[in-house]
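Engineer: Have a look at this one.
Numbering (UniProt numbering), first residue to last: 1 to 182.
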């Protein structure tokens, strides 16, 4: 059980890794953690108004999609790290984190990680879109709470296309437009 306690102790540190994109805005006083972000993606995945997706799979993918950031940190686009370098760092971190676990568990966790990274299923694609959508929900929340404009985060909206996620984005953008016009 020591190896699992070690894994859990490392994993729980994700609660203290701040989402770096938000830290660039001094008006935002309470920056969410990567764990906060992952939790909200799981809530959205579970609540998606469809029966066409394997929601359990979506939740597992969402749970693990940023776990490697406990080791590598939250790498944001403005750091201009090449995509392959970022992927390799995260892959190495995930392998390191799970290396001592029982083979079956290790394989399950690693396969979920790779499925997300490679977009190997509709569930992985949906979680990729939910990753962006959750960021926009958070941006809108910060805009309302801290009276700050976060337009730069909304540029990702064109990458949200599936019938499962796009309607949620459209509603969020509508509500944001109404808020900004007040």
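Idealized CB from N, CA, C, for every residue including glycine.
Output needed for residue 132: all residues of its chain with C-beta closer than 7 Å, excluding positions within five of it in sequence on either side, in chain order.
Structural biologist: Here the question's residue 132 lines up with position 132 in the chain shown. Once the five neighbours on either side are set aside, the close Cβ partners of residue 132 are 156, 159 and 160.
Engineer: Starting from residue 65 and walking both ways along the alpha helix (DSSP H), at which residues does that stretch end?
Structural biologist: In the chain shown, residue 65 corresponds to position 65, counting from 1. Run containing residue 65: none; DSSP gives neither H nor E here.
Engineer: Rounded to a whole number of angstroms, what is the C-alpha to C-alpha distance between residue 128 and residue 72?
Structural biologist: Start at 1 with the first residue of the chain shown, and residue 128 comes out as number 128. Start at 1 with the first residue of the chain shown, and residue 72 comes out as number 72. Their Cα atoms are separated by approximately 19 Å.
Engineer: Does the contact criterion of 3 or more C-beta pairs under 8 Å hold for the stretch 90 to 99 versus the stretch 60 to 72?
Structural biologist: yes
Engineer: Can you name, in chain order, every residue of its own chain whose Cβ lies under 6 Å from the Cβ of residue 44, other than the five neighbours on each side?
Structural biologist: Residue mapping note: residue 44 aligns to position 44 of the chain shown, counting from 1. The residues are 130.
Engineer: Whole angstroms are fine: how far does the CA of residue 101 sit from the CA of residue 78?
Structural biologist: Working through the chain shown from its first residue, we reach residue 78 at position 78. Working through the chain shown from its first residue, we reach residue 101 at position 101. C-alpha separation (whole angstroms): 35 Å.
Engineer: Under three-state DSSP, which class holds residue 33?
Structural biologist: Position 33 of the chain shown, counting from 1, holds the residue named residue 33. Three-state result, residue 33: strand.
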